[in-house]
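Chemist:
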């Protein structure tokens, strides 16, 4: 298999560092269980209504929600005490629930005394012209169409759930002002395995694969403020759940970083004359002429334009060997990185979307310290046509 073929499969960029303690590897296709679907269809009186509302688009989403609820239920983390709430609510906050409050609705139907918040920037909510069918029916469900970073929820007790959420745990937690956090659960996906490994520096109390979740992303990670090994063992022993243990990643000579660098350098990103002019003018306006400038890929026109403007130390980075010993004040990218990210990031922006730190020479000026000739770290300029 060629290197390009391998890199088309982006699984190498987001792997879990938790491994099954039974030593089993490979596909679990023949071990998957339909028990969550059986329970949803055969046992839950609320399932018909949830399907009628269109909360679940497919069976995979049903099993993900059921798996998350199963973890909280079997550990008894949702059980209420008799303490006086003093006017403050106890809440279950679901981050990244999708276009419908499916997971929050499941908790609302099957728990008592909890207000369930469903937060997602693409969440469907009622407007003056269009009302969602579940609005007002589930009194203890609060749907929020926004990023979790933009809101603040004040609670007495909180359970925080991230189901394939594209945020860090810390981002979610900073939005929740609670007297006590009972538990934090994440079901990571895509490129978020490494970004949801710890909760404020603490590894999860329990990690396992739930073989009743019909998705390749079935790893459940759970943090508890009152961890109990007996409860955790009970959950895993129920069947269909395989406990996992953390193994630090082994750094090899051929690392993910070098693979990604090779992918970046493979990209072809020809730049229009207007782009070259804008980038060169921007550099002349913001950077000192004696700074060392690295240009990703072969961009002869840009190199010539910078030379004409008086830059004296310009390096074209066309191979991995070109970066082994040099340090740059400025690193210029005409689109290689953008194209490489679009091949590896499953959460990539729509086609035509521009993602840059400095968009063009016409963008508002950004202050760049110029009083010190020493390398000031990496400045990344990304211009995409």
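In full-length UniProt numbering, the protein residues as written are 1 to 385. Backbone N, C-alpha and C fix where the C-beta goes; we use that ideal spot for every residue, glycine too.
Would you give the residue range spanned by the alpha helix (DSSP H) that residue 19 belongs to?
Modeler: Premise fails: residue 19 lies in the beta strand (DSSP E), 18 to 20, not in any alpha helix (DSSP H).
Chemist: Could you please give the first and the last residue of the uninterrupted alpha helix (DSSP H) stretch that includes residue 60?
Modeler: Run containing residue 60: 59 to 74, per the alpha helix (DSSP H) assignment.
Chemist: What number of angstroms, rounded off, separates the C-alpha of residue 317 from the C-alpha of residue 167?
Modeler: About 33 Å.
Chemist: Residue range of the alpha helix (DSSP H) that residue 50 falls in?
Modeler: Start and end: 47 to 52.
Chemist: Need the endpoints of the alpha helix (DSSP H) that residue 42 sits in, please.
Modeler: Residue 42 -> alpha helix (DSSP H) spans 35 to 42.
Chemist: Flag this pair as touching only if the stretch 124 to 131 and the stretch 148 to 160 have three or more C-beta atom pairs under 8 Å; answer yes or no.
Modeler: Too few Cβ pairs lie closer than 8 Å, so no.
Chemist: What is the residue span of the alpha helix (DSSP H) that residue 303 lies within?
Modeler: Residues 300 to 308.
Chemist: Going straight from the alpha carbon of residue 90 to that of residue 190, what length do you get?
Modeler: Answer to the nearest angstrom: the Cα atoms are 31 Å apart.
Chemist: From residue 241 to residue 200, what distance separates their C-alpha atoms?
Modeler: Those two C-alpha atoms are separated by around 26 Å.
Chemist: Could you give the distance in angstroms between the alpha-carbon of residue 35 and the alpha-carbon of residue 212?
Modeler: Taking the straight line from one Cα to the other gives about 6 Å.
Chemist: Check for me: the alpha helix (DSSP H) holding residue 109 runs from which residue to which?
Modeler: Run containing residue 109: 102 to 110, per the alpha helix (DSSP H) assignment.
Chemist: Can you name the residues that DSSP bridges to residue 157?
Modeler: Looking at the DSSP assignment, residue 157 forms a beta bridge with 180.
Chemist: Could you give the DSSP three-state label for residue 132: helix, strand or coil?
Modeler: In this structure, residue 132 counts as coil in the three-state DSSP scheme.
Chemist: Have a look at 224, 217, 220 and flag the residue whose alpha-carbon is nearest the alpha-carbon of residue 202.
Modeler: Checking every option, the nearest Cα to that of residue 202 belongs to 224.
Chemist: For residue 224, which three-state DSSP category applies?
Modeler: Note: residue 224 maps to strand in three-state DSSP.
Chemist: Touch check for the stretch 296 to 308 and the stretch 260 to 273: three-plus C-beta pairs under 8 Å?
Modeler: Short answer: they touch.
Chemist: Measuring alpha carbon to alpha carbon, tell me which residue in 287, 88, 282 is nearest residue 158.
Modeler: Of the candidates 287, 88, 282, the one whose C-alpha sits nearest the C-alpha of residue 158 is 88.
Chemist: So the candidates are 94, 188, 32, 206; which of them puts its Cα closest to the Cα of residue 148?
Modeler: Of the candidates 94, 188, 32, 206, the one whose C-alpha sits nearest the C-alpha of residue 148 is 94.
Chemist: At what residues does the alpha helix (DSSP H) containing residue 172 begin and finish?
Modeler: Element bounds for residue 172: 169 to 173.
Chemist: Could you spell out where the alpha helix (DSSP H) holding residue 243 opens and where it closes?
Modeler: Careful: residue 243 lies outside any alpha helix (DSSP H), inside the beta strand (DSSP E) at 241 to 246.
Chemist: Compare the Cα-Cα distances from residue 67 to each of 20, 176, 51, 38 and report the closest residue.
Modeler: The shortest Cα separation from residue 67 among 20, 176, 51, 38 belongs to 38.
Chemist: Could you give the distance in angstroms between the alpha-carbon of residue 113 and the alpha-carbon of residue 161?
Modeler: Their backbone Cα atoms lie some 17 Å apart in a straight line.
Chemist: Do the CB positions of residue 261 and residue 320 come within less than 7 Å of each other?
Modeler: The answer is yes: Cβ separation under 7 Å.
Chemist: By how many angstroms is the C-alpha of residue 65 removed from the C-alpha of residue 204?
Modeler: If I take the Cα positions, the gap works out to 20 Å.
Chemist: For residue 209, does the three-state DSSP call read helix, strand or coil?
Modeler: Correct three-state label for residue 209: strand.
Chemist: Take residue 303 as the anchor and find which of 327, 124, 334, 285 has the nearest alpha-carbon.
Modeler: The option with the nearest alpha carbon to residue 303 is 334.
Chemist: Locate the alpha helix (DSSP H) running through residue 276, then write down its first and last residues.
Modeler: Note, residue 276: alpha helix (DSSP H), 273 to 286.
Chemist: Would you identify the three-state DSSP class for residue 313, choosing helix, strand or coil?
Modeler: Here residue 313 sits in strand by DSSP.
Chemist: Please identify the residue among 18, 164, 179 whose C-alpha is closest to the C-alpha of residue 86.
Modeler: Among 18, 164, 179, the Cα nearest to that of residue 86 belongs to 179.
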